[in-house]
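Asker: I have a structure here, written as structure tokens, and I will follow up with some questions on it.
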């Protein structure tokens, strides 16, 4: 469940890079841990974020959790569909459940994120 | 077997009335002459039902209510202790129950004396000097305390403090309070023992810190053993210490937040002091503070001038009013009755039995449930269902299955730093037999999770309403119950 065409963060976001554009979502592990997601609040398109900055918050039946941006740049697109169908994050965390697209200032920032094998080891230390 | 209860609107019949009023003995007047047009509705869809319809409907609903009067309720962090009926009796005395909030002070000296004395008791229990009874709940108590901290810094001309420190194990209300008060929240990590990481705190504290909110014992049921050093560290940086008093039941009469170094705190009368959590009335979250914060208390404050009690509104630095009139008065009466009936010795026994009961449960349940922080606990402890999760049974399923055994579920998925958390707080009011029955149920559920996990994952089986679809209820929120 950890595709190798994306990179992973310790706070359980994934990032998929095409040129300067980074698509960001939360991992399958994160959605599984959160349980049924019932609401999501995301930053507005046009806002600028630095790496580690707050991207929004996810409200599940268990808890409210914050999502952080792995990269620095400008938010160019937000997944509006999640407003009425937050369950897409549970159903397709790497597909239709994506959260935002950020135009990166410095694409090399992504190099610091984990590969799929590294992430798998990170969440299953034993 | 209880059948499904219809909505009261579904038993409504046009024209049916509950009681017939006698004919008017004064001339009728046209409503449009009395009220502006915008306030007048053509249709007011209230249920039209007879008195027996109403009484039976609500009595049946009340019989389904899961409450501390019917069952054991080990809901962690909530202190669901039994509420002694003598409190109700005293709160129901006409002298208290029939008071009007606008009554002249000289006609309600007894009620004011009770408030004054309750303030003194709470001050003594807190180890602080100044008290307000106004806040209506713990979260509003937090807001009151943090507003007082803000007013204090401002009074010293210090507007540079923008941050409130909050441990990662804190109640969610702590960061919410700080944010609502205009502060940024800075999270303080826990160490391997489950308490505040003092070294990390030293890194995070600074001249931008207005204060720190800390619960002691914390939400893992662990006493913050470094509390004195924590308070000193924050004080040295010029910040103040706020104590979330939600877990006072563990230390009642034994240690005092004021002595630990806290500057301001709230109590939850509906937790520690046995007033109802709901149904029987609203909550109350009095705030106690050290003398230097007295000028910032909400108005009115209670004055006692030679046994004459007055409400004083002339407090120039006050943060203002936090509640209409004087707070939830009859809740104060119940807490006062509780304190007076227990006395100082009784309160010592409360905390002793609360801690003993929690440790008894933890010692027995540790054999089958993972307990991540298994040092001696205080009034509650946190178990984890992470081993059960590997069998496909989650904390949520265990919580639901407990209902079949006649027990309320523990708090689950909190605190957030424990995976599949089950937070269990028995309180002091339960007998060993009740605790043993709960332990047996938990062991049985553990056995089921190995041998017949679907018994657990499909539960509850015995309740009138089975597993509810919480996700859909939250996603497609529909609060409207009126049949059009």
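Protein chains in written order, with this note's numbering: chain S, 1 to 126; chain F, 1001 to 1484.
Virtual Cβ for every residue (Gly too), placed ideally from N, Cα, C.
Which residues in chain F have a C-beta closer than 9 Å to the C-beta of residue 28 of chain S? List them in chain order.
Answerer: By Cβ distance, chain F contributes nothing, its closest Cβ being about 16 Å from residue 28 of chain S, past 9 Å.
Asker: If I follow the unbroken alpha helix (DSSP H) through residue 1360 of chain F, where does it start and stop?
Answerer: 1329–1365
Asker: Residues of chain S with a CB under 9 Å from the CB of residue 1466 of chain F: which are they?
Answerer: Neighbours of residue 1466 of chain F on chain S: none; closest Cβ ~17 Å, over 9 Å.
Asker: Any C-beta of chain F sitting closer than 8 Å to the C-beta of residue 61 of chain S?
Answerer: yes
Asker: If you follow the alpha helix (DSSP H) that residue 1033 of chain F is part of, which residue opens it and which one closes it?
Answerer: 1031–1034
Asker: Please identify the residue among F/1057, F/1421, F/1461, F/1460 whose C-alpha is closest to the C-alpha of residue 1221 of chain F.
Answerer: F/1421
Asker: Quick one: any contact between the region 1221–1231 of chain F and the region 1142–1162 of chain F, if contact means 3 or more CB pairs under 8 Å?
Answerer: no
Asker: Contact check, residue 1267 of chain F vs residue 1283 of chain F under 8 Å by CB: the rounded distance?
Answerer: Contact between residue 1267 of chain F and residue 1283 of chain F does not hold, since the beta-carbon distance rounds to 10 Å and is not under 8 Å.
Asker: Considering only their Cβ atoms, is the gap separating residue 1263 of chain F from residue 1290 of chain F smaller than 8 Å?
Answerer: yes
Asker: On the criterion of 16 or more Cβ atoms from any shown chain inside 10 Å, does residue 1020 of chain F qualify as buried, or is it exposed?
Answerer: exposed
Asker: Looking at chain F, is there any beta carbon in it that lies within less than 8 Å of the beta carbon of residue 6 of chain S?
Answerer: Not one chain F Cβ lies under 8 Å of residue 6 of chain S.
Asker: Which one or two residues does DSSP pair with residue 1166 of chain F in a beta bridge?
Answerer: Assignment of beta-bridge partners to residue 1166 of chain F by DSSP yields F/1187.
Asker: Taking contact to mean 3 or more Cβ pairs, one atom from each stretch, closer than 8 Å, check whether the region 90–104 of chain S and the region 21–35 of chain S are in contact.
Answerer: Because the criterion of three Cβ pairs below 8 Å is met, the region 90–104 of chain S and the region 21–35 of chain S touch.
Asker: Tell me the DSSP secondary structure of residue 60 of chain S in three-state form.
Answerer: strand
Asker: Can you tell me which of S/114, S/63, S/111, S/13 puts its alpha carbon nearest to the alpha carbon of residue 53 of chain S?
Answerer: S/13
Asker: Give me the chain S residues within the contact set of residue 1413 of chain F, using Cβ-Cβ distance strictly less than 7 Å, ordered along the chain.
Answerer: 62, 63
Asker: Taking a Cβ distance cut-off of 9 Å, strictly less, list which residues of the region 29–60 of chain S are near chain F, in chain order.
Answerer: Listed in sequence order: 33, 35, 36, 37, 38, 39, 59, 60.
Asker: If I measure Cβ to Cβ from residue 1371 of chain F and keep anything under 8 Å in the same chain, skipping five residues before and after, which residues do I get?
Answerer: 1362, 1365, 1381, 1382, 1383, 1384
Asker: Pull up the DSSP beta-bridge partners for residue 1427 of chain F, would you.
Answerer: According to DSSP, residue 1427 of chain F bridges with nothing at all.
Asker: Would you please state the rounded distance, in angstroms, between the beta carbons of residue 1322 of chain F and residue 1140 of chain F? I believe it to be under 8 Å.
Answerer: 6 Å
Asker: What residue range does the beta strand (DSSP E) around residue 987 of chain F cover?
Answerer: Residue 987 of chain F lies beyond the stretch modelled for chain F, which goes from 1001 to 1484, so this question has no answer here.
Asker: Tell me whether residue 68 of chain S sits in a helix, a strand or coil according to DSSP, three-state version.
Answerer: strand
Asker: Check distances from the C-beta atoms of the region 1378–1408 of chain F to those of chain S and list, in chain order, the residues that come in under 7 Å.
Answerer: none
Asker: Going by DSSP, which residues form a beta bridge with residue 1325 of chain F?
Answerer: F/1327
Asker: I'd like to confirm the pairing. Which residues does DSSP put opposite residue 130 of chain S in its beta bridges?
Answerer: Shown here, chain S extends from 1 to 126; a query on residue 130 of chain S therefore has no answer.
Asker: In this structure, how does DSSP classify residue 1253 of chain F when only helix, strand and coil are distinguished?
Answerer: coil
Asker: Consider the Cβ of residue 1475 of chain F: report whether some Cβ of chain S lies at a distance smaller than 8 Å.
Answerer: Chain S contact via Cβ: present.
Asker: Return helix, strand or coil for residue 1147 of chain F, following the three-state DSSP convention.
Answerer: The three-state reading of DSSP puts residue 1147 of chain F in helix, counting H, G and I together.
Asker: Give the straight-line distance between the Cα atoms of residue 1375 of chain F and residue 1093 of chain F, rounded to the nearest whole angstrom.
Answerer: 46 Å
Asker: Strictly by DSSP, which residues pair up with residue 1241 of chain F?
Answerer: Answer is F/1212.
Asker: With DSSP as the reference, please indicate the residues paired to residue 1370 of chain F in a beta bridge.
Answerer: Beta-bridge pairing links residue 1370 of chain F to F/1384.
Asker: Determine the chain F residues that contact residue 87 of chain S at a beta-carbon separation under 8 Å, and present them in chain order.
Answerer: Residues of chain F passing the Cβ test: 1471, 1475.
Asker: Take the Cβ of residue 1007 of chain F as the centre, count every other Cβ of all protein chains shown within 10 Å, and call the residue buried at 16 or more, exposed below.
Answerer: Burial check for residue 1007 of chain F: the Cβ neighbour count within 10 Å stays below 16, so the residue is exposed.
Asker: Below 7 Å CB to CB, which residues in the same chain sit around residue 1312 of chain F once its five sequence neighbours on both sides are set aside?
Answerer: 1300, 1301, 1303
Asker: On the DSSP bridge list, what partners appear for residue 1265 of chain F?
Answerer: F/1243, F/1288
Asker: Check whether the Cβ atoms of residue 38 of chain S and residue 1471 of chain F sit closer than 8 Å, and answer yes or no.
Answerer: Result yes, Cβ atoms of residue 38 of chain S and residue 1471 of chain F sit closer than 8 Å.
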